[in-house]
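J.:
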Amino acid sequence: MKKVYFKTFGCRTNQFDTQVMMSKLRDFELTMSEGEADVIMVNSCTVTNGADSSVRAYINGANRKNPKARVVLAGCGSHSKGESLFESKKVFGVMGHSEKENINTILKSQKPFYEIGDLNHIDSTIVENFIGKSRAFIKIQEGCDFDCSYCIIPSVRGGARSHREEDILIQIEKLANNGFGEFILTGTNVGSYGRVQGSSMAKLLKKISYIRGVRRIRIGSLEPIQIDDEFKELLHEPWMARHLHIALQHTSDKMLTLMNRRNDFRSDIKLLEELASYGYALGTDYIVGHPGEDEVSWREAIERVETLPLTHIHAFTYSKRDGTASTTMGDEVRGDI
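In case it helps, the numbering used here puts the sequence shown at residues 488 to 824.
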């Protein structure tokens, strides 16, 4: 039986997707050793140029260290860089997001393959165990409709769509029965869950909390405007982990407008102060060097961020992504500043 090794880059959503693919392998054996693998599955990230570089470097290294193995690209990078890597024969095959559940059949191909699929699919797989994990990641939605100027993710994950509530609850119940007590709800834009179905994150959280064995629930990154009164009512519940990641991205209103964000600083500081008063540790993402960021907006942003009750900041340099609105703005900030 041929052996498959998984290398996962990027976010918690990718970690869940890897578990989906692992659970679908029927005619292959999983291995934790890259060197003994017949197939190396690369679940890639493409959110920044740095992410792309890391994936390329890994693929080059895998081909060099284990030349007999077939390297297969999956994940977000399959939709942004898959074609070029396939045509240059850096990878044996490419699998798009919608093809994860077909992995057992696709990997049997004796010829190079390019199965990119579409960006409308939603997985139906119930993951009953998480290999190598003490906490369970639960993907509750896929895609994003926010259309931020700098972000490539909607073009590689598609529009926002939610998993069926019934499937989510069944999955958590099975995992709880298998000994998992802590669950991390994840997705591309997790706070958009249930919008089309007339449901909400808060309603889902309540139903999850009723499942026997669920001791703690964590939530992936939320947008400020997604934290409404219905959600706030749950913040004192004992099963809510006392940590929230709120995606601010910037603290200059000028920059937030250029980024096509849906938040503003006045509302953000009011929200974060309220959440901190409830005893929550708060983290955020912060982009520096976006086109249009001048000295005035930078100084304003720094002064403002210092007033926020944050426990940690994931700050990163703006990364130019093909096809995004930010690439057309000009006024680029030099990388050596």
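Note that CB positions come from ideal geometry on N, CA and C, so glycine has one too.
Between which two residues does the beta strand (DSSP E) harbouring S540 extend?
T.: Residue 540 sits at position 53 when you count from the first residue of the sequence shown. Segment 536 to 552 is the alpha helix (DSSP H) holding S540; no beta strand (DSSP E) there.
J.: Opposite F600 in the DSSP bridges: which residues?
T.: Counting from 1 along the sequence shown, the entry for residue 600 is found at position 113. Partner(s): G580.
J.: Measuring alpha carbon to alpha carbon, tell me which of R699, L722, G681, G645 ends up nearest E669.
T.: Here residue 669 corresponds to residue number 182 of the sequence shown, with the count starting at 1. That would be R699, whose Cα lies nearest to the Cα of E669.
J.: When the Cα of D716 is compared with those of K620, E761, S621, which residue comes out closest?
T.: Here residue 716 refers to the residue found at position 229 when the sequence shown is read from its first residue. Nearest option by C-alpha distance: E761.
J.: Report the option in Q628, L606, K552, R644 whose CA atom is closest to the CA atom of E523.
T.: As a working mapping, residue 523 is identified with position 36 in the sequence shown. With distances taken between Cα atoms, E523 lies closest to K552.
J.: Using a 10 Å radius around the Cβ and a threshold of 16 neighbouring Cβ atoms, would you call N536 buried or exposed?
T.: Indexing the sequence shown from 1 puts residue 536 at position 49. Label assigned to N536: exposed.
J.: Can you grab the Cα-Cα spacing for the pair R703 / P725, in whole Å?
T.: Within the sequence shown, numbered from 1, the residue matching residue 703 stands at position 216. Within the sequence shown, numbered from 1, the residue matching residue 725 stands at position 238. So the alpha carbons of these two residues sit roughly 8 Å apart.
J.: What number of angstroms, rounded off, separates the C-alpha of E793 from the C-alpha of G766?
T.: As a first step, residue 793 is located in the sequence shown; it is residue number 306 there, counting from the start. As a first step, residue 766 is located in the sequence shown; it is residue number 279 there, counting from the start. Each residue's alpha carbon lies about 19 Å from the other.
J.: Rank Y697, R748, F752, T744 by C-alpha distance to the C-alpha of M727 and give the top, closest one.
T.: Stepping through the sequence shown from its first residue, residue 727 is reached at position 240. Looking at the Cα atoms, Y697 is the closest of the given residues.
J.: What does a CB cutoff of less than 6 Å around S708 pick up in its chain, not counting 5 residues either side in sequence?
T.: Stepping through the sequence shown from its first residue, residue 708 is reached at position 221. So the qualifying residues of the chain are H732, A734.
J.: Leaving out five residues on either side along the sequence, give the residues of the same chain with a beta carbon under 7 Å from the beta carbon of S784.
T.: If you number the sequence shown from 1, residue 784 lands on position 297. The answer, listed in chain order, is S739, K741, M742.
J.: Residues in the same chain with beta-carbon distance under 8 Å from C631, minus the five sequence neighbours each way, listed in chain order, please.
T.: Taking the first residue of the sequence shown as position 1, residue 631 is located at position 144. Within the same chain, C631 has close Cβ partners C638, I640, P641, R644, G646, A647, T675, N676, S679.
J.: Given a cut-off of 7 Å, decide if R499 and T673 are closer than it, judged by their beta-carbon atoms.
T.: Translated into positions along the sequence shown, residue 673 becomes position 186. Translated into positions along the sequence shown, residue 499 becomes position 12. Result yes, Cβ atoms of T673 and R499 sit closer than 7 Å.
J.: Counting Cβ pairs, one atom from each stretch, are 3 or more of them under 8 Å apart for the stretch 532 to 546 and the stretch 613 to 625?
T.: Judged by Cβ distances under 8 Å, the stretch 532 to 546 makes no contact with the stretch 613 to 625, as fewer than three pairs qualify.
J.: In three-state terms, what does DSSP make of E793?
T.: As a working note, residue 793 is residue 306 in the sequence shown. Coil.
J.: State the DSSP-derived secondary structure class of G646, mapped to helix, strand or coil.
T.: For the purposes of this step, residue 646 is identified with residue 159 of the sequence shown, where counting begins at 1. Of the three classes helix, strand and coil, the one that applies to G646 here is coil, per DSSP.
J.: Return the bridge partner residues of R786 from the DSSP annotation.
T.: Counting from 1 along the sequence shown, the entry for residue 786 is found at position 299. Its beta-bridge partners do not exist; DSSP assigns none.
J.: Assign T505 to one of three DSSP states: helix, strand, or coil.
T.: Taking the first residue of the sequence shown as 1, we reach residue 505 at position 18. It is helical.
J.: Of the choices G776, I714, I789, R786, whose alpha-carbon is the least far from that of L759?
T.: For the purposes of this step, residue 759 is taken as residue 272 along the sequence shown, with counting starting at 1. L759 has its Cα closest to that of I714, out of G776, I714, I789, R786.
J.: How many Å lie between H737 and P778 at the Cα?
T.: Walking along the sequence shown from the start, residue 737 turns up at place 250. Walking along the sequence shown from the start, residue 778 turns up at place 291. Approximately 13 Å between the Cα atoms of the pair.
J.: How would you label L517, buried or exposed, when you count the other beta carbons within 10 angstroms and need 16 or more for buried?
T.: Locating residue 517 in the sequence shown gives position 30, counting from the first residue. Exposed.
J.: For S531 and C563, which I take to be in contact (beta-carbon distance under 8 Å), what is that distance rounded to the nearest angstrom?
T.: The residue given as residue 531 occupies position 44 in the sequence shown. The residue given as residue 563 occupies position 76 in the sequence shown. Confirmed, about 6 Å.
J.: Using a threshold of 6 Å, is the CB atom of I590 nearer than that to any non-hydrogen atom of the ligand PLP?
T.: Ligands are entirely absent from the displayed structure, and the ligand PLP is therefore not among its contents.
J.: From the DSSP output, in three-state form, read off M746 for me.
T.: The residue labelled residue 746 in the question sits at position 259 within the sequence shown. Coil.
J.: Classify H799: buried if its beta carbon has 16 or more other beta carbons within 10 angstroms, exposed otherwise.
T.: For this step, residue 799 is matched to residue 312 along the sequence shown. Answer is exposed; the Cβ neighbour count stays below 16.
J.: Apply the 10 Å Cβ neighbour rule to S571 and answer buried if 16 or more other Cβ atoms are within range, or exposed otherwise.
T.: Taking the first residue of the sequence shown as position 1, residue 571 is located at position 84. Exposed is the call here.
J.: Taking the C-alpha atoms as reference points, what is the distance between L656 and K694?
T.: Position 169 of the sequence shown, counting from 1, holds the residue named residue 656. Position 207 of the sequence shown, counting from 1, holds the residue named residue 694. For L656 and K694, the distance between alpha carbons rounds to 8 Å.
J.: Does F752 get closer than 7 Å to chain B when you measure Cβ to Cβ?
T.: You won't find chain B in this structure, because it holds only one protein chain.
J.: Nearest to I659 by CA position, among S649, V614, F633, is which residue?
T.: Translated into the one-based positions of the sequence shown, residue 659 becomes position 172. Closest by alpha carbon: V614.
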